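Asker:
2 protein chains.
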Amino acid sequence: EEIVVEGVTLKEDLAVIALNGVSNQAGLAARIFAVLGQNHILVDDIVQNIYDEGKLANISFSTNASDAPAAQNLCQQLARDMGFDGVSIDKGVSKISAIGVGMRTHTGAASTMFDALAKAEINIKNISTSEIVISCIVSNVDGARALRSIHDAFGLDKIEPRSNQI
Amino acid sequence: EEIVVEGVTLKEDLAVIALNGVSNQAGLAARIFAVLGQNHILVDDIVQNIYDEGKLANISFSTNASDAPAAQNLCQQLARDMGFDGVSIDKGVSKISAIGVGMRTHTGAASTMFDALAKAEINIKNISTSEIVISCIVSNVDGARALRSIHDAFGLDKIEPRSNQI
Ligand SMILES: C[C@@H](O)[C@H](N)C(=O)O
Ligand SMILES: C[C@@H](O)[C@H](N)C(=O)O
Chain A
12 EEIVVEGVTL KEDLAVIALN GVSNQAGLAA RIFAVLGQNH ILVDDIVQNI
62 YDEGKLANIS FSTNASDAPA AQNLCQQLAR DMGFDGVSID KGVSKISAIG
112 VGMRTHTGAA STMFDALAKA EINIKNISTS EIVISCIVSN VDGARALRSI
162 HDAFGLDKIE PRSNQI
Chain B
12 EEIVVEGVTL KEDLAVIALN GVSNQAGLAA RIFAVLGQNH ILVDDIVQNI
62 YDEGKLANIS FSTNASDAPA AQNLCQQLAR DMGFDGVSID KGVSKISAIG
112 VGMRTHTGAA STMFDALAKA EINIKNISTS EIVISCIVSN VDGARALRSI
162 HDAFGLDKIE PRSNQI
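Chains as they are written, first to last, in our numbering: chain A, 12 to 177; chain B, 12 to 177.
1. Would you check whether ligand 2 has a heavy atom nearer than 6 Å to the C-beta of A/I135?
2. Alpha carbon to alpha carbon, how far is A/D92 from A/V112? Give it in angstroms, no decimals.
3. Taking all protein chains shown into account, do 16 or more other C-beta atoms lie within 10 angstroms of the C-beta of A/G94, making it buried, or fewer, making it exposed?
4. Would you give the residue range spanned by the beta strand (DSSP E) that B/G119 belongs to?
5. For a contact meaning CB atoms closer than 7 Å, what does A/M129 contact in chain B?
6. Counting only beta-carbon separations shorter than 7 Å, does B/R31 have a partner in chain A?
7. Under 7 Å, do B/L30 and B/L158 count as touching if we go by C-beta distance?
8. Between the Cα of B/A249 and those of B/N75, B/A155, B/I57, spot the shortest distance and give me the residue it belongs to.
9. Does DSSP classify B/F72 as helix, strand or coil?
10. Using 7 Å as the threshold, is the C-beta distance between B/A41 and A/A40 below it?
11. Interface residues of chain B around A/L47 at Cβ under 9 Å?
12. Looking only at its own chain, which residues have a Cβ that is under 6 Å from the Cβ of B/I61, when we skip the five neighbours before and after it?
13. By DSSP, does B/G48 sit in helix, in strand, or in coil?
14. Name, in chain order, the residues that DSSP records as bridge partners for B/K136.
15. Are there any heavy atoms of ligand 1 lying less than 6 Å away from the beta-carbon of A/A127, as far as the coordinates show?
16. Would you check if the distance between the CB atom of B/I28 and the CB atom of B/A82 is smaller than 7 Å?
17. Name the DSSP beta bridge partners of B/N35, please?
18. Any heavy atom of ligand 1 within a distance shorter than 6 Å of the CB on A/A68?
19. So, with DSSP's three-state summary, where would you put B/G97?
20. Alpha carbon to alpha carbon, how far is A/Q87 from A/G97? Give it in angstroms, no decimals.
21. Taking 6 Å as the cut-off, is the beta-carbon of B/A37 closer than that to any non-hydrogen atom of ligand 2?
22. Taking the alpha carbon of A/V104 as the point to measure from, which residue in A/A79, A/A121, A/H117 has its own alpha carbon closest?
23. Shortest alpha-carbon distance to A/M124 belongs to which of A/A90, A/N151, A/I161?
24. Identify whether A/V54 lies in helix, strand or coil by the three-state DSSP scheme.
25. Just curious, the alpha helix (DSSP H) that B/I148 is in, first and last residue?
26. From this set, B/V19, B/S108, B/Q49, B/L89, which residue's C-alpha is nearest B/A146's C-alpha?
27. Can you tell me which of the three DSSP states A/D153 falls into?
28. Starting from A/V54, find everything on chain B with Cβ-Cβ shorter than 7 Å and list it in chain order.
29. Is DSSP giving A/D163 helix, strand or coil here?
30. By the three-class DSSP mapping on this structure, what secondary structure does A/D92 have?
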């Protein structure tokens with residue numbers, strides 16, 4: 012089906028915090044994000060995968076660089092209280108997003124985007140999608156180059172290099 | 012900041028396939044999704060987390076129930092060719108999405124959504140977001156109840172129980 016990617020955006024100077032080995036039981040994500048919300052941590056995107064035959068989960072979220080230390084401390088406290096493995100932090104990252112209308116199945120758009128990054132030898136750290144967005148977390152140093160590569164791969168004329176409009 | 016969730020949708024009869032222990036090196040996501048694309052697998056959402064000090068990645072994607080067996084076979088072949096740990100599949104799942112405009116930071120909306128599911132004792136298997144969507148994967152048996160709980164939690168008047176419009 013036709014890939015209808017209309018724009019690419021870059022959001023720089025983020026950090027990704029990962030909570031590893033969270034027990035896959037109802038109510039735990041609610042507790043974690045209630046604590047972050049009460050402490051006014053800005054959460055950008057959230058991704059969660061399950062593993063170990065569905066017993067455990069890894070939850071990551073992106074936040075801006077300035078909120079990252081407070082967010083990390085809160086999550087480390089939660090790790091102690093809730094008994095999960097631990098918290099890791101990836102600083103100095105950017106989020107690159109391809110935005111399209113009618114991207115109801117992602118396979119074509121995802122292949123094109125990931126292939127553009129692969130050819131540019133840019134490593135993809137996290138991926139999160141919705142029906143109209145495919146977002147990849149990359150290192151800050153790769154951001155501008157990722158933006159150009161993906162923009163070219165989708166044959167777009169205009170770049171919105173740092174747009175908050177979506 | 013104000014939570015502006017405008018609708019909740021439910022997409023049923025999906026499967027989530029997880030590729031575990033993929034080496035966190037440039038080019039691998041591109042290869043995986045190129046193979047899926049060439050084989051016409053419908054990919055709905057994609058999530059990727061990294062772990063083990065950034066050395067490894069878990070990548071999951073949702074597909075419809077009918078594409079799941081073919082997708083699983085392809086991924087098992089990729090696991091052998093690319094040497095990652097393995098492939099797991101979670102069948103009989105649904106995706107529930109809260110959609111909002113101006114949900115620029117997710118913390119408030121995410122807390123409300125996860126809390127609604129927690130109170131309904133519904134387990135959240137996967138999470139994926141973009142600026143305007145928060146999606147949770149739950150079991151098919153929990154889908155309708157999840158929809159009602161989240162709809163109520165956000166004080167919405169209309170439900171779009173099975174909508175593909177976003
Ligand atoms: C891991 C966490 O998301 C858990 N499954 C929950 O529902 O809260
Ligand atoms: C794991 C996979 O996403 C890898 N990091 C890549 O860039 O392709």
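Every residue, glycine too, gets a C-beta built ideally from N, C-alpha and C. Source: prediction; values computed, not measured.
Answerer: The relevant details are as follows:
1. The beta carbon of A/I135 sits closer than 6 Å to at least one heavy atom of ligand 2.
2. Going from the Cα of A/V112 to the Cα of A/D92 covers about 43 Å.
3. By the Cβ neighbour-count rule, A/G94 is exposed, with fewer than 16 other Cβ atoms within 10 Å of its own.
4. Segment 118-130 is the alpha helix (DSSP H) holding B/G119; no beta strand (DSSP E) there.
5. A small fix is needed here, since residue 129 of chain A is Ala in this sequence, not Met. Here the neighbours are A37, G38, A41.
6. Strictly speaking, residue 31 of chain B in this sequence is Asn, with Arg absent from that position. Yes, because at least one Cβ of chain A sits closer than 7 Å to the Cβ of B/N31.
7. Taking 7 Å as the Cβ cut-off, B/L30 and B/L158 do not qualify as a contacting pair.
8. Beyond the ends of chain B as shown, which are 12 and 177, falls residue 249 of chain B; an answer cannot be given.
9. DSSP places B/F72 in strand when its eight states are reduced to three.
10. Taking 7 Å as the cut-off, the Cβ atoms of B/A41 and A/A40 do not count as close.
11. Here the neighbours are T118, A121, S122.
12. Within the same chain, Cβ atoms closer than 6 Å to the Cβ of B/I61 are found at N35, A68, the five residues on either side in sequence being excluded.
13. Secondary structure at B/G48: helix, using DSSP grouped into helix, strand and coil.
14. Looking at the DSSP assignment, B/K136 forms no beta bridge with any residue, so it has no partner.
15. The answer is no for A/A127.
16. Annotated as proximal: B/I28 and B/A82, with beta-carbon spacing under 7 Å.
17. DSSP lists no partner for B/N35.
18. Shortest gap from the CB of A/A68 to any heavy atom of ligand 1: under 6 Å.
19. Of the three classes helix, strand and coil, the one that applies to B/G97 here is strand, per DSSP.
20. Their Cα atoms are separated by approximately 7 Å.
21. Yes, since a heavy atom of ligand 2 falls inside the 6 Å radius drawn around the Cβ of B/A37.
22. The option with the nearest alpha carbon to A/V104 is A/A79.
23. A/M124 has its Cα closest to that of A/I161, out of A/A90, A/N151, A/I161.
24. DSSP places A/V54 in coil when its eight states are reduced to three.
25. For B/I148, there is no enclosing alpha helix (DSSP H); the enclosing beta strand (DSSP E) has its first and last residue at 144-150.
26. Residue identity check: residue 146 of chain B is Ser in the sequence provided, not Ala. Here the closest residue by C-alpha is B/S108.
27. Reduced to three states, the DSSP call for A/D153 is helix.
28. By Cβ distance, chain B contributes T116, H117, T118, A121.
29. In this structure, DSSP gives A/D163 a helical state, which the three-state scheme calls helix.
30. A/D92 falls in the helix class under three-state DSSP.
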